[in-house]
Amino acid sequence: MMAQTLVLAFRIAFVWAGGFLLAAAVRALLPDQFGFTLSGRSGALFISFSRVGFWTCIWAAVTVTILVVIRAMMGDIAAPGR
Numbered sequence: 324m325m326a327q328t329l330v331l332a333f334r335i336a337f338v339w340a341g342g343f344l345l346a347a348a349v350r351a352l353l354p355d356q357f358g359f360t361l362s363g364r365s366g367a368l369f370i371s372f373s374r375v376g377f378w379t380c381i382w383a384a385v386t387v388t389i390l391v392v393i394r395a396m397m398g399d400i401a402a403p404g405r
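The sequence shown finishes on residue 405 if you use this note's numbering, and the numbering steps up by one all the way, no holes.
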């Protein structure tokens, strides 16, 4: 059981490290001047592509972490006698 926990922890750590490295690369490569503008009643909001890429990478890391944890929990529920 402890070996599975360690494997799970390493998988989550690798996903987070990869997500942060990819997010930093996206942030460094894309200039802040390029992006899109959301127009509303009270004004316009400019969102740069580098910020979108950064938060997409972070959100992907969070999603993978949640899915891996849920999978581990379901495995523990399905085999309680182990």
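In this text, a Cβ means the ideal position worked out from N, Cα and C, and glycines have one as well.
Residue 366 is classed as exposed because its beta carbon has fewer than 16 other beta carbons within 10 Å across all chains shown. In the pairwise beta carbon analysis, the segment 347 to 354 is classified as touching the segment 375 to 389: at least three pairs are separated by under 8 Å. Rounded to the nearest whole angstrom, the CA to CA distance from residue 363 to residue 326 is 52 Å. For residue 388, same chain residues with a beta-carbon under 8 Å away, outside a window of 5 residues either side, are 335, 338 and 339 in chain order. Distance from the CA atom of residue 400 to the CA atom of residue 361, rounded to whole angstroms, is 45 Å.
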